[in-house]
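In this note's numbering, the protein residues as written are 6 to 161.
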């Protein structure tokens, strides 16, 4: 609850684009610390890494919801949110299958390296989203389908 309130304040204060960079930094840093903990077999470092990871993950979900509300309109908003939920659950399922396989084939620590690589791919994707948001500014991606726009178009 504390991180949600604090991150909401910081997102409002500094903007969505800076929030994207800060939150994904905490996610990657947290996973890096967890990976180092796996190599050193340090439980304390592992828990610290998970805490750092969570400082990025919760605000990242808030940023995602803000972007959805900004980019999509009412009909498209529910579709985009549910599509995101479905894809994220699909990847959680895939991770549950891939990570044990990596552990068996290559070892315990390599599974954490795989997680770090996924976080780095997320960092690259987040950078693209931040650049897109910066370019668009207050514009919306999709054209609204309201009756007012249909009425305005018929008068021209």
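By construction, the Cβ of each residue, glycine as well, lies at the ideal position given by its N, Cα and C atoms.
Q: Locate the alpha helix (DSSP H) running through residue 20, then write down its first and last residues.
A: Neither: residue 20 is in no alpha helix (DSSP H) and is coded neither H nor E.
Q.
With a threshold of 8 Å, are at least 3 pairs of Cβ atoms found where one atom belongs to the stretch 55-63 and the other to the stretch 36-47?
A. yes
Q: Reducing DSSP to helix, strand and coil, say where residue 47 ends up.
A: coil
Q.
Quick test of your reading: residue 25 and residue 135, contact by CB under 8 Å. State the CB separation rounded to the nearest angstrom.
A. 4 Å
Q: Give me the Cα-Cα distance between residue 8 and residue 69, rounded to the nearest whole angstrom.
A: 16 Å
Q | Span separating the alpha-carbon of residue 132 from that of residue 125 | A | Rounded to the nearest whole angstrom, the CA to CA distance from residue 132 to residue 125 is 11 Å.
Q) Taking 7 Å as the CB-CB cut-off, is residue 62 touching chain E? A) This model lacks chain E altogether, as it is built from one protein chain only.
Q. If you run the structure through DSSP and keep just helix, strand and coil, what is residue 7?
A. helix
Q: Could you round the C-beta distance between residue 32 and residue 61 to whole angstroms and report it? I think they count as a contact, below 8 Å.
A: 4 Å
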